[in-house]
Amino acid sequence: MATVGMPMLLKKHPEITHEEAKEIREFTGRHGQELAAAFPDKEAFEAAVEAGIQADKEAAEQAEQEHE
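Going by the numbering used here, the letters in the sequence shown line up with residues -3 to 64, in that order.
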């Protein structure tokens, strides 16, 4: 998320916790290019978010299997 975007989001949504804000920043860091490309189209953006969530789940599962 852009340097300005996160403070604006937190101002609009003060219920977002510090940990949630950190997770949002990390997610946008990992998937920012895909999210930015899809942004103008709400449906495409939502699909990019879902794809990012799925990719993160798969990466976490793979990392867990490698540590077993």
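Positions of the beta carbon are idealized from the N, C-alpha and C atoms, including for glycine. Quick caveat, the model's predicted, so the values are computed rather than measured.
Measure the Cβ-Cβ separation of residue i and residue j and say whether it is below 9 Å.
{"i": "Ala51", "j": "Arg26", "result": "yes"}
{"i": "Phe23", "j": "Ala34", "result": "no"}
{"i": "Ile20", "j": "Met2", "result": "yes"}
Looking at the structure shown, is residue i part of a helix, part of a strand, or coil, going by DSSP?
{"i": "Glu42", "result": "helix"}
{"i": "Thr13", "result": "coil"}
{"i": "Phe35", "result": "coil"}
{"i": "His27", "result": "helix"}
{"i": "Glu64", "result": "coil"}
Leaving out five residues on either side along the sequence, give the residues of the same chain with a beta carbon under 6 Å from the beta carbon of residue i.
{"i": "Leu31", "result": "Ala44"}
{"i": "Ile49", "result": "none"}
Give every residue of the same chain whose Cβ lies closer than 7 Å to the Cβ of residue i, excluding the five residues on either side of it in the sequence, and list them in chain order.
{"i": "His63", "result": "none"}
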